[in-house]
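One structure below.
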Amino acid sequence: MSEWRPKRFWETAHVAEAEGGFEVLLDTRPVRTPAKAALRVPTRAMAEAVAAEWDAQIEKVDPASMPVTRSVNAAIDKLSIQRAEVADMIAGYGDTDLLCYRAESPQELVERQASLWDPLLDWADSDLGARLRPVSGVMHTPQDVGALETLRQIVHGFDDFELTALHDLVGLSGSIVLGLAAVRGAQDIETLWDLSRLDEAWQAELWGTDDEAEEMAAIKREAFLHALRFFHLAQAR
Numbered sequence: 001m002s003e004w005r006p007k008r009f010w011e012t013a014h015v016a017e018a019e020g021g022f023e024v025l026l027d028t029r030p031v032r033t034p035a036k037a038a039l040r041v042p043t044r045a046m047a048e049a050v051a052a053e054w055d056a057q058i059e060k061v062d063p064a065s066m067p068v069t070r071s072v073n074a075a076i077d078k079l080s081i082q083r084a085e086v087a088d089m090i091a092g093y094g095d096t097d098l099l100c101y102r103a104e105s106p107q108e109l110v111e112r113q114a115s116l117w118d119p120l121l122d123w124a125d126s127d128l129g130a131r132l133r134p135v136s137g138v139m140h141t142p143q144d145v146g147a148l149e150t151l152r153q154i155v156h157g158f159d160d161f162e163l164t165a166l167h168d169l170v171g172l173s174g175s176i177v178l179g180l181a182a183v184r185g186a187q188d189i190e191t192l193w194d195l196s197r198l199d200e201a202w203q204a205e206l207w208g209t210d211d212e213a214e215e216m217a218a219i220k221r222e223a224f225l226h227a228l229r230f231f232h233l234a235q236a237r
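In this text, residue positions in the sequence shown follow this note's numbering: the first is 1, and each later residue adds one.
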């Protein structure tokens, strides 16, 4: 059985000011989230991006072609309901951050991780005030409590829409340092994605690429880039 999708019933999608921000109207009908909440966003730029996605639908609505709308729905229907828990989960990545867990061998990989990942840990220390320490091997080594608390306070300072973006940046990369570096513009987003894939790139150099793994990586990369775009839309005043 094919998946049911609603047909396009509107002529135009446009943006209107609403209490607390902006909404998107399909002709005169306001868009609502899957949970039937009012779709209200904090910036006109985000609302215009949502409207553009609805305007681009042809005969039937295809949610897969509407990443901004999906992120808005997630912020309103999911994250806003369990905001504190999500923020704590994101901050918790600091205790198991990808950039801190280093290979014990071969030496070339050890050196590559150090040369590419250490500068980001130094950045987290100087710009965020959170020094995370690298360790060799996969056994968990607790990080400094003060550094983790600093990261927790930073994360809790984001609004619901910003936090939705950060959730994806951190989850997809496995690193709160990379996620925060993305939203603060410490390095360009493509470089940060490549840094999150350093180990996979090393394996590919040794053994070649796997088509299925490459396809999955491409999907994740696109989601990573979208997350930063969504963050910028949340901040566009």
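For every residue, glycine included, the Cβ atom is placed at its ideal position computed from N, Cα and C.
Span separating the alpha-carbon of residue i from that of residue j
i	j	result
Ala16	His156	29 Å
Gln203	Asp118	20 Å
Ala165	Phe9	30 Å
Leu121	Arg83	27 Å
Val170	Ala213	20 Å
Leu233	Gly21	13 Å
Ser126	Phe224	25 Å
Tyr93	Leu163	14 Å
Thr28	Gly174	42 Å
Val177	Glu11	44 Å
Ala37	Val72	11 Å
Ala181	Ala35	33 Å
Gly179	Ala124	11 Å
Arg237	Val138	43 Å
Trp207	Arg32	48 Å
Lys7	Arg40	23 Å
Ser2	Ala217	Confidence is the limiting factor: at Ser2 the pLDDT is only 44, short of 50, which leaves the residue's position unreliable, though a coordinate-based value still follows. Answer to the nearest angstrom: the Cα atoms are 27 Å apart.
Leu99	Ala114	9 Å
Residue nearest to residue i in terms of C-alpha spacing, selected from the options
i	options	result
Ser65	Ala52, Ala87, Ile76 and His140	Ala52
Leu132	Lys220, Leu116 and Asp95	Asp95
Arg152	Gly129, Arg237, Leu192 and Glu11	Gly129
Phe230	Asp159, Glu214 and Gly208	Asp159
Pro106	Ile176, Leu148 and Ser136	Ser136
Thr191	Ala91, Asp88, Leu116 and Ile76	Leu116
Pro110	Lys7, Ala87 and Pro134	According to the sequence shown, residue 110 is Val rather than Pro. The shortest C-alpha separation from Val110 is found at Pro134.
Asp194	Leu26, Glu222, Ala13 and Asp62	Glu222
Ala74	Ile219, Leu25 and Asp168	Asp168
Ala87	Pro6, Ile154 and Pro67	Ile154
Glu48	Pro63, Glu104 and Leu26	Leu26
Thr150	Arg40, Ala91 and Met216	Ala91
Leu148	Asp97, Ala217, Phe161 and Ala103	Asp97
For residue i, three-class secondary structure by DSSP
i	result
Lys7	strand
Glu19	coil
Ser65	helix
Lys60	strand
Arg29	strand
His140	coil
Arg102	strand
Arg83	helix
Arg237	coil
Ala38	strand
Ala201	helix
Ala186	coil
Ser2	Note that Ser2 scores 44 on pLDDT, short of 50, meaning its location in the model is unreliable and no value can be drawn from it.
Exercise. Check whether the segment 74–90 touches the segment 53–62, counting contact only when three or more Cβ pairs, one atom from each stretch, lie closer than 8 Å.
Key: No, the segment 74–90 does not touch the segment 53–62.
Practice problem: Count the C-beta pairs between the segment 193–208 and the segment 31–45 that are closer than 8 Å, then say yes if the count reaches three, no if not. | Solution: no
Quiz item: Which runs of the alpha helix (DSSP H) spanning at least 4 residues fall entirely within the segment 102–183, listed in chain order?
Solution: The segment 102–183 contains, as complete alpha helix (DSSP H) runs of 4+ residues, the segments 107–123, 145–156, 160–173 and 176–183 (chain order).
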